[in-house]
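A short write-up of the structure that comes next.
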Amino acid sequence: MQISARRLENTTIFDVIGDIDLANSPAVRKALLTEIREKKIPRVIMNLQGVKYIDSSGIASLVEGLKASRDVQARFILFGLSKSAREVLQLSRLLKLFEIYENEEQALSNEGA
Amino acid sequence: MQISARRLENTTIFDVIGDIDLANSPAVRKALLTEIREKKIPRVIMNLQGVKYIDSSGIASLVEGLKASRDVQARFILFGLSKSAREVLQLSRLLKLFEIYENEEQALSNEGA
Amino acid sequence: MAPRQLLLRLQLRSNPQVLCGVRGAVSPLASAIGFGEEDCRAITLALDEAITNVIRHAYGGKLDRKIEIRFSVLNGAKEGKPALEILLLDQGAKPEPDALKGLPPGELRSGGLGLHFMRQSMDAVVHTRVGSTNRLRMVKFIR
Amino acid sequence: MAPRQLLLRLQLRSNPQVLCGVRGAVSPLASAIGFGEEDCRAITLALDEAITNVIRHAYGGKLDRKIEIRFSVLNGAKEGKPALEILLLDQGAKPEPDALKGLPPGELRSGGLGLHFMRQSMDAVVHTRVGSTNRLRMVKFIR
Ligand SMILES: Nc1ncnc2c1ncn2[C@@H]1O[C@H](COP(=O)(O)OP(=O)(O)O)[C@@H](O)[C@H]1O
Ligand SMILES: Nc1ncnc2c1ncn2[C@@H]1O[C@H](COP(=O)(O)OP(=O)(O)O)[C@@H](O)[C@H]1O
């Protein structure tokens, strides 16, 4: 798995490529918490188009990101979910708790709730 | 792997989906030889778009098809080779012995050598 | 009992780096037995979660402990259709009483989803302890 | 000698049905070690060909004989970069003298490509016989 950050004004987009599992979910978690808690970026967006597989440890790091963003009133957004990633989020019954868009354009343009 | 036949006038197109390896190359070989030797179809076309992987046993069944078609002066054509299938054919140094097209339209329209 | 045919036996260490290889093996095997794409994904998830739990809970995150996995086909298991059986064996800690009950999903906590995923994905998920071995048996029938 | 780290040990029967599962395991493992996509495909091909040869030649097509495969990383094998080592063990027939030399590719014959593919794909391909065990060692370095 590779995770890289694109930093725009007030927004960071993480591009993730590869499976998210126990081997690398700690790296995802760390990247998210650094951006949200330490750098206090008001909007963090996860590009999951390159993620064909995610397991419960991956979901757990996204949940950590969501919780941290709520703590500091930042926005935490996902887009580009594969069929498989969507299935797993559905299984976790957390799909509705996340702000999710189809693509980057929508993720960037939407002003949120 | 699944192999199914579409029978047009004077032509059979085999649509193959899945990996071709020792587990199923005998089925490919059988399908080819039946069509070429027994049914004496003058043009047999292999649609390999759905074949992400082929090994030497798969190449060997294609070679059987090519040899049989030469014996009876039929045409034996491949199209839709994946990167990986092309690499393996290249490795076998047999790429130039086969009649190969990009897609079905070209495979059907070309009148051959 | 349905006749069991052992397809593949894997031995690995409790290192998360190898998870991708195990997932890579199970999905095409399940497909070859006759499972559809969605079921193959479910089986892959269940196995990944099971190994993750062994690494984290039975072995407390240590990377060098032994895990064994056996894939078998149970022929004619249900209405003449085959099933896939996955056995997972480790020599780690005995689970805490009641820990394996699992937690309800849908809540914003970072954890507690693995067992739920396993049970949703497979038709049977049974943990037993035999001597000093933890044994997890998961079965899925072809629909 | 480079320190060897055993990643995964597979035990299977000489049944071609399981080839897809072994291919599925090796490619993500190679990728995790650091091989690029083309190298992962080459490694997958070499291993598939090696097992195919064991099934066809060492075991004469019998489906129920034992094959063992071990994947290891050789750390710092070459200029500090890791290599992948694949060991294949079977208890089948001893190869005929000179059979393993292989044939030149590029000719229209249905067979004789497997060893060529293996040697093209890997940096080392060495067959040995130890007692009644055939042992094939294949190594590929990261470029
Ligand atoms: N293989 C195991 N060995 C010991 N305890 C386990 C095992 N699998 C699960 N458990 C226990 O069950 C609990 C719930 O597991 P799970 O639903 O996978 O969520 P998580 O692993 O995120 O806590 C774990 O926290 C652990 O206490
Ligand atoms: N594992 C093996 N055990 C015994 N003989 C082998 C083995 N692998 C290859 N051979 C011998 O080497 C020859 C060439 O093998 P190969 O290049 O793979 O082509 P093919 O298997 O199509 O004949 C085989 O025909 C066989 O005689």
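Each protein sequence line maps, in turn, to chains A, B, C and D.
Take the first sequence: its letter number 97 is residue 103 in our numbering, and every next letter is one higher.
Take the second sequence: its letter number 69 is residue 75 in our numbering, and every next letter is one higher.
Take the third sequence: its letter number 8 is residue 13 in our numbering, and every next letter is one higher.
Take the fourth sequence: its letter number 110 is residue 115 in our numbering, and every next letter is one higher.
C-beta atoms are modelled at their ideal positions from N, C-alpha and C, and glycine is treated no differently.
Check	Outcome
Cutoff 6 Å; reference Leu17 of chain C; Cβ partners in own chain excluding five residues on either side	Val23, Ile72
Bounding residues of the alpha helix (DSSP H) (the contiguous stretch that carries Pro109 of chain C)	That residue, Pro109 of chain C, is in no alpha helix (DSSP H); it is neither H nor E in DSSP.
Per-residue contacts from Ser163 of chain C into chain D (C-beta, under 8 Å)	The question about residue 163 of chain C has no answer here: the residues shown for chain C are numbered 6 through 148.
Residue-chain proximity (Asn58 of chain C, chain D), Cβ-Cβ < 9 Å	no
Beta-carbon contacts of Tyr107 of chain A that lie in its chain and below 6 Å, excluding the five residues immediately before and after	Phe85, Ala113
Distance between Ile47 of chain A and Gln125 of chain C (C-alpha atoms, nearest Å)	36 Å
Through-space distance from Lys102 of chain B to Ile60 of chain B, alpha-carbon basis	17 Å
Nearest-angstrom Cβ-Cβ length linking Gly26 of chain C and Leu13 of chain D, presumed shorter than 8 Å	6 Å
Near-chain A residues of the segment 38-66 of chain C - C-beta to any C-beta below 7 Å	Arg46, Leu50, Asp53, Glu54, Thr57, Ile60
Beta-carbon gap between Ser63 of chain A and Leu100 of chain A smaller than 9 Å	no
Alpha-carbon to alpha-carbon, Phe104 of chain B and Ala88 of chain B	Going by the sequence as given, residue 88 of chain B is Ser instead of Ala. Each residue's alpha carbon lies about 15 Å from the other.
Check: Ser62 of chain A C-beta below 8 Å from any heavy atom of ligand 1	yes
Whole-angstrom C-beta distance between Ala11 of chain A and Ser115 of chain C, which should lie under 8 Å	At roughly 21 Å, the Cβ-Cβ gap does not stay under 8 Å, so Ser115 of chain C and Ala11 of chain A are not in contact.
Cutoff 6 Å; reference Ile23 of chain B; Cβ partners in own chain excluding five residues on either side	Gln8, Gly56
Rounded separation between Glu41 of chain A and Glu110 of chain A - CA only	19 Å
Proximity test, Asn53 of chain A beta-carbon vs ligand 1 heavy atom, cut-off 8 Å	no
Run of the alpha helix (DSSP H) containing Ile9 of chain A, from where it starts to where it stops	Looking at the DSSP string, Ile9 of chain A is not in any alpha helix (DSSP H); the run it does join, the beta strand (DSSP E), is 8-14.
Beta-carbon proximity list for Gly65 of chain C, same chain, < 6 Å, skipping 5 on both sides	none
Chain B residues whose Cβ lies nearer than 9 Å to that of Gln125 of chain D	Leu97
Test: Lys46 of chain B CB closer than 9 Å to a CB of chain D	no
Ranges of the beta strand (DSSP E) found wholly within the segment 79-112 of chain B, counting only runs of at least 3	81-85, 105-107
Pro102 of chain C burial status per 10 Å Cβ neighbour count (16 or more: buried)	exposed
For Leu97 of chain A, the nearest candidate out of C:Leu120, C:Pro100, C:Ser19, C:Gly81 (CA to CA)	C:Leu120
Residue nearest to Glu44 of chain B in terms of C-alpha spacing, selected from B:Ser90, B:Ala80, B:Asn116, B:Leu95	B:Ala80
Contact list for Ala80 of chain A against chain C, beta-carbon separation under 8 Å	Near Ala80 of chain A there are no residues of chain C at all, since even the closest Cβ is about 15 Å away, more than 8 Å.
Asn16 of chain B versus Arg49 of chain B: straight-line alpha-carbon distance, rounded	6 Å
First and last residue of the uninterrupted alpha helix (DSSP H) at Glu84 of chain D	Neither: Glu84 of chain D is in no alpha helix (DSSP H) and is coded neither H nor E.
Three-state secondary structure (DSSP) of Arg134 of chain D	strand
Cβ-Cβ separation, His132 of chain C to Leu141 of chain C (assumed contact under 8 Å), whole Å	5 Å
Bridge partners - Gln10 of chain C, DSSP secondary structure assignment	C:Val78
Sequence-distant residues of the same chain with beta carbon closer than 6 Å to Val94 of chain B, five excluded per side	Ile60
Of the residues D:Ala88, D:Lys67, D:Lys106, D:Pro33, the one placed nearest Gly97 of chain D, counting alpha carbons only	D:Lys67
Spatially closest choice to Ser115 of chain B from B:Ile83, B:Arg92, B:Ser90, B:Ala91, by CA coordinates	B:Ile83
Within-9 Å CB hit, Ser19 of chain C to chain D	no
For Arg140 of chain C: DSSP bridge partner residues	C:Leu94, C:Thr133
Neighbourhood of Ser32 of chain D by C-beta distance below 8 Å, restricted to the same chain and skipping five residues each side	Cys45, Arg46, Ile48, Thr49
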